[in-house]
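Written below as structure tokens is the structure these notes are about.
Structural data, given as structure tokens:
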């Protein structure tokens, strides 16, 4: 396919998958349960954090995390007691366990109390066409609280070569101005043009088959290559193509 044909093909797939029916089988359904901005972003951040592995299990365990917080994430983060936090004991999603969850609650409390919330913590270090340095700086802010070294692996660092798939997905949810009711677009201080595609095995394989990506590893260098290709197709909203790449890979076995 030439550039025009590729754009038309992918734009059709965006229209096909960027609809509210996408929500029913996707972890983004968890933050869609809330209406308060802070509830949405905390639910989204925690859900994105455990978004690897079986999708049904991701959704199930995300619901468990919400239940442990009394289905009021922001209120729980800001006013929980140690006794309430102990209700998380025994929680596990793959390598993310109850101690990690407790640390994340403390870290989120610190972010809201000290850095004016998640949006400002990311926005303060953004660059015009990249959120990757901002993600790296956010990780430093996030782990300013007492933590086990092992917990740090659950927040990726693009400056260490990671594609940071889960945080880039979280940022897509929060920032992208979606007219179709999937992404929230509640963060106005960050431009959708600065977002990066959540690169995983599905989107990566499809991108290679379409000639958008040549690098074999799904790492930070591959993300930069894919970002550049997608910005040629749409400089203002490059990550809308995540719907096309992911949909083609997961639902069509492309």
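Numbering (my numbering), first residue to last: -5 to 248. Cβ atoms here follow ideal geometry from the backbone N, Cα and C, with glycine treated the same way.
{"Check": "Sequence ranges, alpha helix (DSSP H) only - wholly within the segment 45 to 94, length at least 4", "Outcome": "49 to 62, 67 to 73 and 76 to 79"}
{"Check": "Residue 118: first and last residue of the uninterrupted alpha helix (DSSP H) it sits in", "Outcome": "Taken as a continuous stretch (DSSP letters only), residue 118 belongs to no alpha helix (DSSP H), as it is neither H nor E."}
{"Check": "Rounded distance between the beta-carbons of residue 97 and residue 139, thought under 8 angstroms", "Outcome": "7 angstroms"}
{"Check": "Residues of its chain near residue 58, where Cβ-Cβ distance is below 8 angstroms and the 5 sequence neighbours each way are ignored", "Outcome": "85"}
{"Check": "Pairwise C-alpha distance: residue 17 and residue 66", "Outcome": "21 angstroms"}
{"Check": "One or two residues paired with residue 124 in a DSSP bridge", "Outcome": "121"}
{"Check": "CB contact check: residue 53 to chain D, cutoff 8 angstroms", "Outcome": "The structure shown has no chain D; it contains just one protein chain."}
{"Check": "Three-state class that DSSP yields for residue 186 in the structure shown", "Outcome": "helix"}
{"Check": "Cβ neighbour criterion (16 or more within 10 Å) applied to residue 195", "Outcome": "exposed"}
{"Check": "Rounded separation between residue 26 and residue 106 - CA only", "Outcome": "21 angstroms"}
{"Check": "Spatial distance of residue 199 from residue 218 (CA atoms)", "Outcome": "16 angstroms"}
{"Check": "Stretch pair the segment 240 to 248 + the segment 197 to 217: three plus CB contacts closer than 8 angstroms", "Outcome": "yes"}
{"Check": "Under the three-state DSSP convention, the category residue 167 falls into", "Outcome": "helix"}
{"Check": "Residue 214, enclosing alpha helix (DSSP H) - first and last residue", "Outcome": "214 to 227"}
{"Check": "Range of the contiguous alpha helix (DSSP H) that encloses residue 203", "Outcome": "195 to 203"}
{"Check": "Stretch pair the segment 209 to 223 + the segment 72 to 85: three plus CB contacts closer than 8 angstroms", "Outcome": "no"}
{"Check": "Where residue 243 falls: helix, strand or coil (DSSP)", "Outcome": "helix"}
{"Check": "Rounded distance between the beta-carbons of residue 238 and residue 252, thought under 8 angstroms", "Outcome": "This structure cannot settle anything about residue 252, because the visible part of the chain is limited to -5 through 248."}
{"Check": "Terminal residues of the alpha helix (DSSP H) in which residue 34 lies", "Outcome": "31 to 43"}
{"Check": "Span separating the alpha-carbon of residue 173 from that of residue 12", "Outcome": "9 angstroms"}
{"Check": "Buried versus exposed call for residue 40 [16 or more other C-beta atoms within 10 Å across all chains shown]", "Outcome": "buried"}
{"Check": "DSSP state of residue 179 mapped onto helix, strand, coil", "Outcome": "coil"}
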